[in-house]
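The structure appears below as structure tokens.
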Amino acid sequence: MRLKVITSNPGKVEEFRREFADWGVEMEHAHIPYDEIQTSELEEVVKAGMEELRSSGLRDFIIDDSGMFVDALKGFPGVYSSYVQKTVGNAGVLRLMEDVSERGAEFRCCIGCDIDGETVIVTGVCRGTILREARGDGGFGYDPIFSPDGERSFAEMPLDEKNAVSHRGNAFRLLKDRLRDLGLSDTD
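All letters in the sequence shown, in the order written, are residues 434 to 621 by this note's numbering.
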């Protein structure tokens, strides 16, 4: 089985490949642009993206939308995480948080999968904190400033360990469970 991972981020593709390697699913990186609607909910963005991609004839694909939701910033950057990362980056988020003592945040990942004519949408969550400085060389995006355990950033964790607790890892497990429930897994 082959699924196209629709993203401009090769780091996401690698995470999908590693997570589904035991299923014998080949993940093909496909950079196919689609409109991301402006809304406050990740699931709405994913649903609209899936509809647009399917209307162009695309089948057997995965898209996702992720965001970091900071409690003290009332959920910002949330669905605007990608834009904020590109414009002000981790340094800008840390500046916004300079004098903030409440550092709670969560990552959310909504995955949409079109497979064998079925649509599956799941959302994984990982609670944690915003660190006071960027740490680590691994991962991508906000990984250097987000810690799931208050000790290490995602960027300091090996990928397998990160996936065991991350929002995307949690979404992967939910997706696999839903695919099994639909009888679409290669392993039972």
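All residues carry an ideal CB built from backbone N, CA and C; glycine is no exception.
Since we're looking at a predicted model, the values are computed, not measured.
For the pair E476 and I470, the CB atoms are not nearer than the 8 Å cut-off.
In chain order, E551 place their CB closer than 6 Å to the CB of L615, counting only its own chain and leaving out the 5 sequence neighbours on each side. A direct Cα-Cα distance of roughly 22 Å separates L608 from G572. Within the same chain, M483, R487, R492, D493, F494 come within 7 Å of D547 by CB-CB distance, once the 5 residues on both sides are set aside. Annotation: the continuous beta strand (DSSP E) that includes E551 extends over 551 to 563.
Under the three-state reduction of DSSP output, L617 falls in the coil class, being neither helix nor strand. Counted as a single uninterrupted DSSP element, the alpha helix (DSSP H) harbouring D593 occupies residues 592 to 598.
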